[in-house]
Amino acid sequence: MALFGSFDTVRAQAAPTPEFIVAFAYVEELLRLGSAARARLNGIEPGSSQKVELGGGVFAIEQVYGTKHRSEGIFESHKKYIDVQVLIEGEERMEVMDARGMTVRQVYDAERDYMLYLDSGAVDSGAGAQLRLSAGQAAIFFPVDAHMPSLRAGAESVVVRKTVVKVPVA
125 MALFGSFDTV RAQAAPTPEF IVAFAYVEEL LRLGSAARAR LNGIEPGSSQ KVELGGGVFA
185 IEQVYGTKHR SEGIFESHKK YIDVQVLIEG EERMEVMDAR GMTVRQVYDA ERDYMLYLDS
245 GAVDSGAGAQ LRLSAGQAAI FFPVDAHMPS LRAGAESVVV RKTVVKVPVA
């Protein structure tokens, strides 16, 4: 199941595979004020994203967006990649559930590596978890984790600067 917490805590809990080592080195650079990676992320306009190749099959999608109402959220999961989602600026809420208990909304798209699920409201009933992440915190979502990121943590939308590192499933 998903790992979440401070970046240091999540890094300590993840397996020290070569792919995670590459991912975590990139995140360390991104979290460092004044780094080239941080400057690149800060230069992205809201509503935009860019892909960064990291090597060894690992890549990152740097994103800047406004958080959304839960009614706009969608549960997704992936088969080829593990998501390492790290907030650099802002705050957002995420939901996570075991994908095996969910109803498929859109069958697996191998080219885009995602499957979408119907929102049964089961998180509210205790079948899943709600996460609240702020700058410097991370969540790792494995293939069994249906997750709904990018949700408002409060009443108003805030701008989030974030990276999603895609680590190949072994």
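So for the sequence shown, our numbering puts the first residue at 125; every next one is plus one.
Just so it is clear, CB atoms sit at the ideal spot from N, CA and C, and this is done for glycine as well.
It should be emphasised that the depicted structure is a prediction, and the values quoted were computed from it without experimental measurement.
Just to confirm, are M221 and V228 a CB contact at a threshold of 8 Å? Counting from 1 along the sequence shown, the entry for residue 221 is found at position 97. Counting from 1 along the sequence shown, the entry for residue 228 is found at position 104. The answer is no: Cβ separation not under 8 Å.
Is any heavy atom of the ligand COA found at a distance shorter than 7 Å from the C-beta of Q230? As presented, the structure is devoid of all ligands, the ligand COA included, so that no description of it is given.
In whole angstroms, give me the CA-to-CA distance for Q230 and Y241. Residue mapping note: residue 230 aligns to position 106 of the sequence shown, counting from 1. Residue mapping note: residue 241 aligns to position 117 of the sequence shown, counting from 1. Looking at the two C-alpha atoms, the distance is approximately 7 Å.
Can you give me the Cβ contacts of L275 inside the same chain, cut-off strictly under 8 Å, excluding the 5 residues immediately before and after it? Counting from one through the sequence shown, the residue named residue 275 turns up at place 151. Hits under 8 Å: T191, K192, H193, R194, G197, E216, R217, M218, E219.
Quick test of your reading: V176 and E169, contact by CB under 8 Å. State the CB separation rounded to the nearest angstrom. Looking up residue 176 in the sequence shown gives position 52. Looking up residue 169 in the sequence shown gives position 45. About 16 Å; that fails the 8 Å criterion.
Can you tell which of E200, Q209, G179, R156 has the C-alpha that lies nearest to the C-alpha of M272? Indexing the sequence shown from 1 puts residue 272 at position 148. For the residues E200, Q209, G179, R156, the minimum Cα distance to M272 belongs to E200.
So who's on the other strand from E177, going by DSSP bridges? Reading the sequence shown from its first residue, position 53 is the one you call residue 177. The partner list for E177 (beta bridge, DSSP) reads F183.
Inter-residue spacing [alpha-carbon to alpha-carbon] between Q174 and E235: On the sequence shown, position 50 is the one that residue 174 refers to. On the sequence shown, position 111 is the one that residue 235 refers to. Going from the Cα of Q174 to the Cα of E235 covers about 18 Å.
For V297, which three-state DSSP category applies? Residue 297 lies beyond the stretch modelled for the chain, which goes from 125 to 294, so this question has no answer here.
Residues in its own chain within less than 7 Å of P142 by CB, not counting five upstream and five downstream? Here the question's residue 142 lines up with position 18 in the sequence shown. G180.
Using a threshold of 8 Å, state whether the C-beta atoms of V210 and F131 are closer than that. Working through the sequence shown from its first residue, we reach residue 210 at position 86. Working through the sequence shown from its first residue, we reach residue 131 at position 7. It is a contact, given that the beta carbons lie within the stated cut-off.
I need the straight-line Cα distance from A279 to K286, nearest angstrom please. Reading the sequence shown from its first residue, position 155 is the one you call residue 279. Reading the sequence shown from its first residue, position 162 is the one you call residue 286. Using only the alpha carbons, I get a separation of about 20 Å.
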